[in-house]
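Enquirer: The structure under discussion is supplied below as structure tokens; questions concerning it will follow.
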Amino acid sequence: MADAERRCPSCSRVFGPDVLFCPTDGLPLSGSRGPASSPGGADPYLGLKLLGQIEIKKLAGVGSMARVYRAFQHGVERDVAVKILHRELSSNPEIVERFHREARVAGKVAHPNIIQVLLTAQLPADQPQLGGELVMVMEYLDGMSLLSALRASGSALTLPRALHVALQVCDAVGDAHTLGVVHRDLKPENIMLVRRGDDPDFVKVLDFGLARLSTRDASYATRAGAIFGSPRYISPEGAQGLPVGPPADVYAIATVLYQCLAGRTPFEADSAVGYLLAHANEPPPRLSSHERASYVPDPLVDLLDRALSKRPEDRPADARQLGRDLLEAARRSGLSVESLGYGVRGPGALASLSRTHSMPLGARAELGNPLSTGTIAGSDDVPVRVPAAARSAARPPTLPPDEPSERAVERLAERPAARPPTLPPQ
């Protein structure tokens, strides 16, 4: 990451050297967000060994909250990903809480389509070039985000591929729902595609940092003005700051599937507030109204209409139900599905779906950048908190041009985050 880049101390978005103030928060931007460099300018984390066995080998990506490294775990002889929270964010209690929450929720929901978090720790604060940074060790994923896959495919996927991905997301998030976990930030950046056996699109769901752990966890649902999720994919109830449950994730999955087929999301806006108002008030255009998705069979289009309903009770109850409904709609559409079972571990239930049912030709391929890590390096579509006036579904607010929206992350509700062990470098 170039030293000339500047970062917002509130929302952590990164801008070029010519930008002095964050357009979202209005705050002056700080300088480089990298770690303290050694005298020779080398990355001080490279070569570091955690617990005497996890050796950091290579920088894989840099995001608004953390740096991600490829590492090797001696003893078990495997590659792992090491996520190191930016040092200057370690004093932000909400960021720290989100970091721990991501690890705790991923540990609670054990599913092959959810990234596995192995441990969390803290680097020593009394060693040269180290400052007590928080560390998360995860399985290493060699693949690309769904966002990169969309870019590489001309912004849309074929129908079989899109359904294959969506069903795996439904299976993973459905397991989370049975355990009382609502993800609340599902989007293409948080869905990784990796190769497993003969399946090049095996899904890994990432980033449970905004997850709500149970129906008793009302830490944000009861906070006036708090809106959590990414504006492009947030549910209508989430956009209004109302309590959310599994139907909010159903809405987000449906929005992602809509994007995979139409090459765009149901709503487009110039600001976070614009997205929130659209989700809360406007009916989504029918999927088949878009030229790129005009070929999609009516049963699937009808299901997406229902999954994008304004009222949570009008959608499928949870992600597992959405998956079952997707399979049924595929059957009713005459798609060739050899295995009708749903929820079977391994490649998705539509892996054998006939590949002849595809999107129209002529899409411009745009190569994406595969991200070979267990996390996403960053996104412009960040979780936000907006002014209370913008939460009115009845009448759109009149906001001054410079009205800021504030990034918000979720607080831990069940218990304070346990203090991680301090690991000496070895």
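Everything in the sequence shown is counted per this note's numbering, starting at 134 for the first residue and increasing by one. All residues carry an ideal CB built from backbone N, CA and C; glycine is no exception.
Which residue wins for smallest C-alpha separation from Ala295, given the options Thr388, Ser404, Gln206 and Pro417?
Expert: Thr388
Enquirer: Going along the chain, which unbroken runs of the beta strand (DSSP E) with 3 or more residues stay wholly within the region 165 to 217?
Expert: 187 to 195 and 199 to 206
Enquirer: Helix, strand or coil for Ala254 per DSSP?
Expert: strand
Enquirer: Runs of 4 residues minimum, wholly inside the region 357 to 423: which ones carry the alpha helix (DSSP H) assignment?
Expert: List check, alpha helix (DSSP H) in window: 369 to 372, 379 to 395 and 405 to 414.
Enquirer: Starting from the Cα of Val84, find the closest Cα among Thr398, Asp451, Leu468 and Tyr428 and give me that residue.
Expert: The question about residue 84 has no answer, for the chain in this structure spans 134 to 559.
Enquirer: Between the beta-carbon of Phe400 and the beta-carbon of Ala411, is there less than 7 Å?
Expert: Judged by beta-carbon spacing, Ala411 lies within the 7 Å limit of Phe400, meaning their Cβ atoms are closer than that value.
Enquirer: Does the region 324 to 333 come into contact with the region 284 to 291, if we say contact requires no fewer than three beta-carbon pairs (one atom in each stretch) closer than 8 Å?
Expert: no
Enquirer: For Asp318, which three-state DSSP category applies?
Expert: coil
Enquirer: Going by DSSP, what residue range makes up the beta strand (DSSP E) through Phe335?
Expert: Asp332 to Val338
Enquirer: Given a threshold of 16 other Cβ atoms within 10 Å of its Cβ, counted over all protein chains shown, does His207 qualify as buried or as exposed?
Expert: exposed
Enquirer: How many Å lie between Asp435 and Arg231 at the Cα?
Expert: When rounded, the separation of the alpha-carbon atoms in Asp435 and Arg231 is 36 Å.
Enquirer: What separation, rounded to the nearest whole angstrom, lies between the Cα atoms of Leu433 and Ser466?
Expert: 7 Å
Enquirer: Identify every run of the beta strand (DSSP E) within the region 216 to 243, keeping only runs that are complete inside it and at least 3 residues long; order them along the chain.
Expert: none
Enquirer: Between the region 252 to 271 and the region 307 to 318, do at least 3 Cβ pairs fall closer than 8 Å?
Expert: no
Enquirer: Going by DSSP, what residues sit across from Arg329 in a beta bridge?
Expert: Per DSSP, the beta-bridge partners of Arg329 are Asp332.
Enquirer: Tell me the DSSP bridge mates of Ser278?
Expert: According to DSSP, Ser278 bridges with Met325.
Enquirer: Hey, out of Leu181, Tyr202 and Leu280, whose CA is closest to Lys191's CA?
Expert: Tyr202
Enquirer: Relative to the C-alpha of Gln260, which residue among Pro449, Leu274, Leu181 and Thr311 is closest?
Expert: Per the Cα distances, Leu181.
Enquirer: Is it right to say Tyr428 is buried, meaning 16 or more other beta carbons lie within 10 angstroms of its own, or is it exposed?
Expert: exposed
Enquirer: My understanding is that Tyr366 touches Ala385, with C-beta atoms under 8 Å, so please give their C-beta distance in whole angstroms.
Expert: 5 Å
Enquirer: Go ahead and pull the three-state DSSP assignment for Val270.
Expert: strand
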